[in-house]
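Reviewing the structure listed below.
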Amino acid sequence: MSGPGQAGHPRGLVGRLLGQLMTWHNAQDNRWTLDLLELAAGDRLLEIGFGPGMAVELACRARPDVSVAGIDHSAEMLRAANARNRRFIEAGRVRLELGSVDALPYGDASFDKALAVNSIYFWNDPVTALREILRVLSPGGVLAVTVHDRQREAYRPFDSEALTELLRASGFASVDVRRNGDPRHPLICALGWR
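Each residue of the sequence shown is one higher than the one before, starting from 1 at the first, in the working numbering.
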């Protein structure tokens, strides 16, 4: 895979502008994915590739008893997400870090749920990354990987079959794929259970 460019690693002024665009463009994606995860009281949530931090904020607003951690490899997005979620960070509910999905800085079984919205495109090795996410999920934990539906947007590298195969090859015990049904903004989400 060639370098991720600004979309996969936002930086500088262009990165800040891209973060604003991500907030708008991914709003529906984040809401739908969080709805599918059905956050419950006390859940520990991990976001891979949090971008400007919108899903983190949505999760904290929806469930005042949920804690959220996140990892992103863009310092620009870390700054934006920290600013957006400052009050949740100060309350001890959110911890955001720079890092790689290939080497998560968390112990085994640290999270009940995890999400990756439009970030799998930029992972160097999806199977390695998914195995690492599986490691940090607690038994029975679930991961939601959301992408744009390749059946409607052929330039995207993932479809429901490819996501299902990746999650199964990574060791997820069960996989279920959902479509949002919006022809103007078609999404698929692969839910994988540990």
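Glycine included, each C-beta is placed from N, C-alpha and C at the ideal position.
Residues sharing a beta bridge with residue i, DSSP
i    : result
T33  : T33 pairs with nothing; no bridge assigned.
V145 : A116 and A190
L46  : A69 and A114
L137 : F111
Whole-angstrom distance between residue j and residue i, CA atom to CA atom
i    : j    : result
A62  : L130 : 26 Å
P186 : R179 : 7 Å
A202 : V56  : Shown here, the chain extends from 1 to 194; a query on residue 202 therefore has no answer.
G49  : D72  : 5 Å
A103 : L137 : 14 Å
R84  : E90  : 12 Å
W193 : P183 : 28 Å
L96  : G70  : 5 Å
R31  : T146 : 11 Å
P52  : L46  : 15 Å
D149 : D159 : 6 Å
G171 : F88  : 33 Å
A107 : S100 : Checking the sequence, you will find Gly at residue 107 rather than Ala. Answer to the nearest angstrom: the Cα atoms are 15 Å apart.
E38  : V117 : 16 Å
L191 : L134 : 12 Å
L34  : M54  : 11 Å
L215 : E165 : Since the first residue shown for the chain is 1 and the last is 194, residue 215 is missing from the structure and cannot be characterised.
P157 : Y121 : 7 Å
Residue i - DSSP class collapsed to helix/strand/coil
i    : result
F111 : strand
S74  : coil
R194 : coil
D176 : strand
V94  : strand
S160 : helix
L58  : helix
N124 : coil
R86  : helix
R184 : coil
A103 : coil
L167 : helix
L39  : coil
Exposed unless 16 or more other CB atoms sit within 10 angstroms - verdict on residue i
i    : result
P126 : buried
D112 : buried
T128 : exposed
P139 : exposed
A169 : exposed
Y155 : Residue placement at Y155 is poorly supported in this model, since its pLDDT is 46, which falls under 50; the coordinates are not used for a value here.
A59  : buried
D65  : exposed
N26  : buried
A75  : exposed
E132 : buried
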